[in-house]
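What follows is a set of notes on a single structure, which appears directly below.
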Amino acid sequence: MTNEIMLRNRKELLLKAVIGTLVCFYFVNCFTPIRLHVDTIRYFGIKDCIEYGCPGDSEAAKDYLPYGYTALLLLLSKLHILSSFTIVLINCIYLAIGLYFVNKIFESSGNFILCIVVLLLNWTTIKFVMHPLSEMQYIFFSMGSLYLFTLFARQKRIRYLLGAFAMGGGAFMTRSVGVSLAVALVAALIWEYRAALKSLIIKNKVLVILIIATIAGVLLFSKQLGLDHYTGVMSSQFDEGVTMKKTIAGHFIEWAEIGFNFSIVKVPFLPAHVTEVIFLICGIIFLCIIFYALFFQRLKIPFVIKAYLLFYTALMFNWPFYDPRFWVPVLPLVIYIITINTKINSFALKTLLGIYLLGYTVMGIASIGYMTYTSFNKKVMAKKHANGVYRNEYETYFFGKPQSDTATSSDPFILSIIERYNK
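What follows is the structure, encoded as structure tokens:
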């Protein structure tokens, strides 16, 4: 028994050392040049439109992205601290607080240290912490909302329920997929207190009125909040030939990319159609494992978490776009559920799991190593970031002119983003 305790303590110490090392790498990458993404440019366009004005028929004025993340950029701009360093640092803080909320939701049960290591080594976490994008802010609000709801379930204090819906509102204003969180909160409220629901409504008429008013407000201002745009985008994509079969297959492939810890485009030695089939099958397996752990293992998982992951997944599988980024907001929950109280007695399964974790770790180290390398190598950063889409703008900023022989022009707005916020 003493040997088991010593071994467990050594493993915990090792994992803590790994976390410390990864945290250092994440902090070092706060000094990265601003990493552009198509949605990053849209966010800055909306921010500039609000801050400096823009024509009513401009792309920024008509953009349907929610204003939650833009509000952060606008605040930082008004404080004169909007920069790549500040954005990445805030993303790191958002992620850290989100993980704290996850730990509190599950009351510090299971292998939380292992959960942190697995999450920080995932290539999607590494990538999107370093970008001016809304994923980490959404994690902060959504995990905070779920934590406050679990506090309400344990202590029956209305202020926690109000806080849960308030944080849920912040999540929704950050990303429209937050509607799945709102539905989960309502479903959990009904489920947990179905017997006493009538009494609760009578005693808390003001709360009920506020909730009804909020729902009515969302419906009334759906256009301003972007809901109409999103539903329009969905329907237009299907009208343009995107099939439900292709959409569902793409989302399973996304899960394989997350599970394998590398992008499907990083598999150059197989024909594309073969790689897609392998990733599709493995994605189905990964998702089945997740939902088996969620619904069929005897784990202490709050109903609101189950409802949220179910609604979120259903919504995402109807979203006709492909990007592993869509799943980043639920990764802290998914990884925690997979890692808590995991006990495998079979030697063969333990061996396979060990091989898998070794490969996962190697890919994670390669991801954060490459991210750090590009953060401090301007030439490689300009050429490789976003597959070189913004190479001309980066090289114009770094070296005074594009270095590519085929360069013809630079986008003035994209260049201005780099010039203003690459600090």
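Position in the sequence shown (first residue = 1) + 436 = my numbering.
Ideal Cβ placement from N, Cα and C applies to all residues, glycine included.
From a predicted model like this one, the values you see are computed outputs, not experimental measurements.
Residue burial classification, residue i (beta-carbon count within 10 angstroms, cutoff 16)
i    : result
I562 : buried
R827 : buried
E487 : exposed
H516 : exposed
Y792 : exposed
L531 : buried
R590 : exposed
L625 : buried
E448 : exposed
V766 : buried
G489 : exposed
P704 : exposed
G456 : exposed
F463 : exposed
E440 : exposed
Residue i versus residue j: straight-line alpha-carbon distance, rounded
i    : j    : result
I720 : V713 : 11 Å
Y728 : F722 : 10 Å
I514 : G504 : Inspection of the sequence shows that residue 514 is occupied by Lys rather than by Ile. Rounded to the nearest angstrom, the two C-alpha atoms are 16 Å apart.
A692 : I737 : 24 Å
K820 : V554 : 26 Å
F812 : I523 : 17 Å
L472 : G805 : 19 Å
E855 : L582 : 39 Å
C466 : I648 : 42 Å
I684 : G614 : 20 Å
I482 : T506 : 7 Å
T832 : P838 : 5 Å
P491 : F849 : 15 Å
L780 : T787 : Note that residue 780 is Ile in the sequence shown, not Leu. If you take the alpha carbons of I780 and T787, they lie about 10 Å apart.
Y744 : I651 : 18 Å
F698 : K814 : 24 Å
D847 : A602 : 39 Å
I741 : G686 : 24 Å
A708 : E690 : 15 Å
S494 : T476 : 17 Å
I717 : F835 : 45 Å
K592 : V474 : 44 Å
R611 : F542 : 25 Å
L518 : S852 : 14 Å
T438 : L751 : 49 Å
Rounded Cβ spacing between residue i and residue j (contact assumed at less than 8 Å)
i    : j    : result
L617 : G604 : 5 Å
I594 : L643 : 6 Å
F461 : T808 : 6 Å
M799 : W627 : At roughly 39 Å, the Cβ-Cβ gap does not stay under 8 Å, so M799 and W627 are not in contact.
I726 : V764 : With a Cβ gap of about 15 Å, I726 and V764 do not count as contacting.
I575 : P768 : 6 Å
N527 : V565 : 5 Å
N754 : P469 : So it is not a contact: roughly 36 Å between Cβ atoms.
I549 : K681 : Not a contact, Cβ separation roughly 41 Å.
T775 : N547 : 5 Å
8 Å Cβ cutoff, residue i in contact with chain C
i    : result
A822 : Among the protein chains of the structure shown there is no chain C, as only one such chain exists.
Start-end ranges of the alpha helix (DSSP H) lying completely within the stretch 456-517, minimum 4 residues: 474-488, 495-498, 504-514
Only counting runs of 3 or more residues, tell me where the beta strand (DSSP E) segments fall wholly within the stretch 774-818, in order along the chain. Counting only runs of 3 or more, we get nothing.
In chain order, each alpha helix (DSSP H) run of at least 4 residues that lies wholly inside the stretch 727-773: 739-752
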